[in-house]
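The letter at position 246 of the sequence shown is residue 246 when you use full-length UniProt numbering, and the numbering goes up by one with no holes.
Backbone N, C-alpha and C fix where the C-beta goes; we use that ideal spot for every residue, glycine too.
The structure displayed is predicted, hence computed values, not measured ones.
Working notes, structure below.
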Amino acid sequence: MKLFLKYIKPYVYYYILGPIFMLVEVAGEIILPWLLSKIINVGAANHDVGYITRIGLVMVLVAVCMAVGGVLGAWFAANAAMNFGADLRMDLFEKIQKFSFNNIDKFSTGSLITRLTNDITQIQNMIMQTLRACLRSPGILIGAITMAFVISPSLAIVFIIVVPVLVISIIIIMKKAFPRFKALQNSIDCLNSCVQEGLVNIRLIKSFVRKDYEEKRFDEHNKDLFDKNIHAMNIMIKYQPVMTLALNATTVAVVWFGGNMIIGGKMQVGDLTAFTNYIVQIMGSLTMLSIVFLNWARAVASFRRVREVLEEEIDLTDDNALYKERKVEDGNISFKNVSFRYYKNSEENVLSNISFDVKAGQTLGIIGPTGSGKTTLVSLISRLYDVDAGEVCVDGVNVKEYSLDNLRNGIGMVLQKNTLFSGDIYENLRWGNENADEKTIAQAAADAQADKFIRGFREGYNTQLGQGGSNVSGGQKQRLCIARALLKHPKILILDDSTSAVDTATEKYIRNVLYGKYSDMTKIIIAQRITSVMEADEILVMDNGCVKGFGTHEELLKTCPLYKEIFDIQISKEVG
Ligand SMILES: Nc1ncnc2c1ncn2[C@@H]1O[C@H](COP(=O)(O)OP(=O)(O)OP(=O)(O)O)[C@@H](O)[C@H]1O
Numbered sequence: 001m002k003l004f005l006k007y008i009k010p011y012v013y014y015y016i017l018g019p020i021f022m023l024v025e026v027a028g029e030i031i032l033p034w035l036l037s038k039i040i041n042v043g044a045a046n047h048d049v050g051y052i053t054r055i056g057l058v059m060v061l062v063a064v065c066m067a068v069g070g071v072l073g074a075w076f077a078a079n080a081a082m083n084f085g086a087d088l089r090m091d092l093f094e095k096i097q098k099f100s101f102n103n104i105d106k107f108s109t110g111s112l113i114t115r116l117t118n119d120i121t122q123i124q125n126m127i128m129q130t131l132r133a134c135l136r137s138p139g140i141l142i143g144a145i146t147m148a149f150v151i152s153p154s155l156a157i158v159f160i161i162v163v164p165v166l167v168i169s170i171i172i173i174m175k176k177a178f179p180r181f182k183a184l185q186n187s188i189d190c191l192n193s194c195v196q197e198g199l200v201n202i203r204l205i206k207s208f209v210r211k212d213y214e215e216k217r218f219d220e221h222n223k224d225l226f227d228k229n230i231h232a233m234n235i236m237i238k239y240q241p242v243m244t245l246a247l248n249a250t251t252v253a254v255v256w257f258g259g260n261m262i263i264g265g266k267m268q269v270g271d272l273t274a275f276t277n278y279i280v281q282i283m284g285s286l287t288m289l290s291i292v293f294l295n296w297a298r299a300v301a302s303f304r305r306v307r308e309v310l311e312e313e314i315d316l317t318d319d320n321a322l323y324k325e326r327k328v329e330d331g332n333i334s335f336k337n338v339s340f341r342y343y344k345n346s347e348e349n350v351l352s353n354i355s356f357d358v359k360a361g362q363t364l365g366i367i368g369p370t371g372s373g374k375t376t377l378v379s380l381i382s383r384l385y386d387v388d389a390g391e392v393c394v395d396g397v398n399v400k401e402y403s404l405d406n407l408r409n410g411i412g413m414v415l416q417k418n419t420l421f422s423g424d425i426y427e428n429l430r431w432g433n434e435n436a437d438e439k440t441i442a443q444a445a446a447d448a449q450a451d452k453f454i455r456g457f458r459e460g461y462n463t464q465l466g467q468g469g470s471n472v473s474g475g476q477k478q479r480l481c482i483a484r485a486l487l488k489h490p491k492i493l494i495l496d497d498s499t500s501a502v503d504t505a506t507e508k509y510i511r512n513v514l515y516g517k518y519s520d521m522t523k524i525i526i527a528q529r530i531t532s533v534m535e536a537d538e539i540l541v542m543d544n545g546c547v548k549g550f551g552t553h554e555e556l557l558k559t560c561p562l563y564k565e566i567f568d569i570q571i572s573k574e575v576g
């Protein structure tokens, strides 16, 4: 509730004015049947045209006031709901941006998308409907029942039987609806995850001819969503005819008893007309209330899902950092007895007892079999994960003592899975430095051996890139990502297998530029090709999460059997 109030507070006037304007409509709906009965009982009975005209004009005036009240009430309700949704969505998005990888792994991407979109829409709809109905429906209910008792207390007894029965059935329906709506939202999660995976990987699906399999998977999720929808909607489907039946039965009973009363001279025709109008209003407001309650059931399920994300504890923060203002100045790196595992309940470490130092400006090459922990190791430098034992220091300070922004601003990472965004090349490269001018961008691109091929495109640097960089080759994408990182001018540059798709000659050019022009930058180059790391100042050889060797190329050839083996296999293959 506290969380709910946070989003209501800034727009509290909308929440007050919306229902108040709706009351104008309520008053009108109560007055109109009564005025109608006056026209029938007095005007028509006495053939008094003047009376009919006067009351008629009052009715028109009431209708105009109702329209104005209705429009303003709806406007305030819509604004309250939309603002609530927009603020909640923003907070949710900000929270997700702060998530560590561990937090992200807990929720699937599809589920986070559903929570950000569909769940918040449910909450918005609920707020809008509630504001429109919270005073209107009870107001009409109370007003119409009162008027009915005023007109004919004996006839109004029928409501004492009908209303409690309907209220009890609404409560039962609410109880049944809640779990069904929760299951429905979870099913939307699964469908969204399936759609997202299917669209992001559409090229892979086509190349592996997995279209049928993916269609089958989608069909299963789609059917599940259909079933859950029907299961939830069944409540509404069954409920609506019950309400209509109750309305019709009550009307028939009232007309029958009322007719007898008119024959017996105990009631006037106009009163019976007004009475039947009030029946419609009472039933209408009960139906409206039941729909609002059903939407509440759905929105509460959604709100719980949104709250789950908002209240998720972020396990990697800089809240307790000692040197929040400090920036990475030189680029010295030091690993001291570092151990790490992804799953905290697993017994085996992914990295075990790693220790090494890299001085500012040096180049460290990292080589080792796949899965040996190279990517994991460099992820710890920019605190994508926290170590389980030991410490990682940058410029002599534990990475946990920097603010995350300052630490990550000092480090440029070109990840193994490179990603570009839709937009032109300029926009993409400016991720490295949003203020970079065209000349600086072109220079960074030239250093990454990308300038030439970019200028080869018809639109040059204005070429639009597809989502994820789908319209450039793997090697081109890697060079654009390196240019983007160079533009950042980080103190530490990490290239994680990021030239694997670049031909060896171009890769050598890039290395030469890095060793020459960027000699003050600490560079970590992870590679599968031994030629990519041979010239590094130090080389770290990894195997199964452990350091198997550390030294220069010449030293390792003598001291590290694994390095020698990799060298022999790769170099003899090249010679062969
Ligand atoms: N996000 C993750 N969650 C759980 N386990 C992971 C995760 N990422 C990697 N691993 C596991 O950690 C180990 C080391 O993976 P890592 O990616 O660091 O190896 P690598 O040496 O960089 O491999 P490659 O050369 O293939 O890129 C592997 O066993 C891998 O399965």
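Open item on the list: Taking 7 Å as the cut-off, is the C-beta of Gly-371 nearer than that to any heavy atom in ligand 1?
Closed with: yes
Open item on the list: Quick check: is any heavy atom of ligand 1 less than 7 Å from the C-beta of Lys-417?
Closed with: no
Open item on the list: Judging by CA-CA distance, which residue of Ser-382, Ser-108 and Met-22 is the nearest neighbour of Trp-75?
Closed with: Met-22
- [ ] Using only the heavy atoms of ligand 1, determine whether one of them is closer than 7 Å to the beta carbon of Thr-109.
- [x] no
- [ ] Measuring alpha carbon to alpha carbon, tell me which of Gln-268, Lys-266, Arg-408 and Ala-274 ends up nearest Gly-331.
- [x] Arg-408
Open item on the list: I want to check one thing, is the minimum distance from the CB of Gly-368 to the heavy atoms of ligand 1 below 7 Å?
Closed with: yes
TODO: To the nearest angstrom, report how far apart Leu-72 and Tyr-15 are at their CA atoms.
DONE: 12 Å
- [ ] Mind reading off the beta-carbon distance from Ile-510 to Lys-374? Whole number of angstroms is fine, and I expect it under 8 Å.
- [x] The pair is not a contact, with the Cβ atoms about 19 Å apart (cut-off 8 Å).
- [ ] Count the C-beta pairs between the segment 260 to 278 and the segment 125 to 133 that are closer than 8 Å, then say yes if the count reaches three, no if not.
- [x] no
TODO: Buried or exposed for Arg-304, please, with buried defined as at least 16 other CB atoms from any protein chain shown within 10 angstroms of its CB.
DONE: exposed
Task: Start and end residues, alpha helix (DSSP H) containing Glu-507 - done: 504 to 516
TODO: Check Leu-556 in the structure and name its three-state DSSP category.
DONE: helix
Task: In DSSP terms, what Thr-117 is bridged to - done: Beta-bridge pairing links Thr-117 to no other residue.
Task: Counterpart residues of Tyr-213 in DSSP-defined beta bridges - done: Answer is none; Tyr-213 lacks a bridge partner.
- [ ] Note down, in chain order, each residue of its chain lying with its Cβ closer than 6 Å to the Cβ of Ala-299, except the 5 sequence neighbours on either side.
- [x] Gln-122, Ile-123 and Met-126
Task: Exposed unless 16 or more other CB atoms sit within 10 angstroms - verdict on Asn-349 - done: buried
Open item on the list: I'd like to confirm something about Tyr-342: is its beta-carbon nearer than 7 Å to some heavy atom of ligand 1, or not?
Closed with: yes
TODO: Quick one: give me the first and last residue of the alpha helix (DSSP H) that Cys-134 is part of.
DONE: Neither: Cys-134 is in no alpha helix (DSSP H) and is coded neither H nor E.
Open item on the list: On the DSSP letters alone, give me the boundaries of the alpha helix (DSSP H) that Met-283 sits inside.
Closed with: 269 to 310
Task: Continuous beta strand (DSSP E) assignments of at least 3 residues falling wholly in the segment 399 to 459 - done: 411 to 414
TODO: Report the three-state DSSP secondary structure of Gly-576 (helix, strand or coil).
DONE: For Gly-576, the predicted structure reports a pLDDT of 47, less than 50, and the residue's modelled location is therefore unreliable. A value from the coordinates is still provided. It is coil, neither helix nor strand.
- [ ] Check whether the Cβ of Thr-375 sits closer than 7 Å to any heavy atom of ligand 1, and report yes or no.
- [x] yes
- [ ] Output yes or no for whether 8 Å exceeds the beta carbon distance between Glu-25 and Gly-70.
- [x] yes
TODO: Go to Lys-182, then tell me how far its alpha helix (DSSP H) extends in each direction, as first and last residue.
DONE: 153 to 200
Open item on the list: How far does the alpha helix (DSSP H) with Ser-100 in it extend, from its first residue to its last?
Closed with: No alpha helix (DSSP H) holds Ser-100; DSSP gives it neither H nor E.
TODO: Check whether the segment 424 to 435 touches the segment 389 to 397, taking contact to mean three or more Cβ pairs, one atom from each stretch, closer than 8 Å.
DONE: no
- [ ] Could you tell me the boundaries of the beta strand (DSSP E) in which Phe-550 lies?
- [x] 546 to 551
Open item on the list: I need the straight-line Cα distance from Leu-384 to Val-399, nearest angstrom please.
Closed with: 11 Å
- [ ] Using 10 angstroms around the beta-carbon of Ser-422, count the other beta-carbons present and answer buried if the total reaches 16, otherwise exposed.
- [x] exposed
- [ ] For my contact list, Val-306 and Ile-120 are in at a C-beta cut-off of 8 Å; report their separation, rounded to the angstrom.
- [x] 7 Å
- [ ] Could you name the residues that DSSP lists as bridge partners for Gly-365?
- [x] Ile-525 and Ile-539
Open item on the list: What would DSSP say about Tyr-323, mapped onto helix, strand or coil?
Closed with: strand
Open item on the list: At the level of alpha carbons, what is the spacing between Thr-440 and Ile-425?
Closed with: 13 Å
Open item on the list: Less than 8 Å between the C-beta atoms of residue 578 and Phe-567, yes or no?
Closed with: Since the first residue of the chain shown is 1 and the last is 576, residue 578 is not available in this structure.
Open item on the list: Is Asp-315 close to ligand 1? I mean its beta-carbon at under 7 Å from any heavy atom of the ligand.
Closed with: no
Task: Any chain C beta carbon closer than 8 Å to Tyr-323 - done: The chain inventory of the structure shown lacks chain C, comprising one protein chain alone.
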